[in-house]
Structures are given as C-alpha cells and as structure tokens.
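Visitor:
Right under this line is the structure:
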C-alpha cells in the first residue's frame, strides 16, 4: 500500500505500470484464500486517497481502483 500511496500522492500517470506491478506482485505472494480480502483493503485505501486529493492525483487513484475492481469480481 505504501507504493500505491506514494504514486497517488505524486499523481504521475507514468506511475500506472508501477501500480499495476505492485498489485500483481501482491497477488503472486498472497495465499489464494487471503487475496480477496487483501485486495479489498488495498481498494479501501485507494478510495480514501482518491477522496482526499484532486486533479491528476484523483485520476490516478481512480485508474488504480479500476484496475483492482475486476479482480475482486472474478476471484
């Protein structure tokens, strides 16, 4: 979550691949039974970040959330 927080705080869209990589790495190292709840926690944090920022930062948070959302529905 720390990486995602820093990327959102920066608001640089070039950070999107890094955010995706961080989420993918989380999924790879987390046991299957814990993935959904962990993703939900990450999503909650991203949404809190989104609600606390404006402009590019908010757009980046929304993009990260859009990346997470389908993972929650298919798992």
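In our numbering, the protein residues as written are 917 to 991. The beta carbon of each residue, even a glycine, is placed where N, CA and C say it ideally should be. These numbers were taken from a predicted model, which means no experiment stands behind them.
#1: Residue 978: which of 949, 961 and 990 sits nearest, CA to CA?
#2: For residue 924 and residue 959, what's the separation of their Cα atoms in angstroms?
#3: Can you say whether residue 980 is buried or exposed, counting buried as having 16 or more other CB atoms within 10 angstroms of its CB?
#4: Could you give the C-beta distance for residue 976 and residue 931, rounded to a whole number, given that I count them as a contact under 8 Å?
#5: Using the Cβ count rule (16 or more neighbours within 10 Å means buried), how would you classify residue 966?
Guide: Quick look at the numbers:
#1: 961
#2: 13 Å
#3: buried
#4: 7 Å
#5: buried
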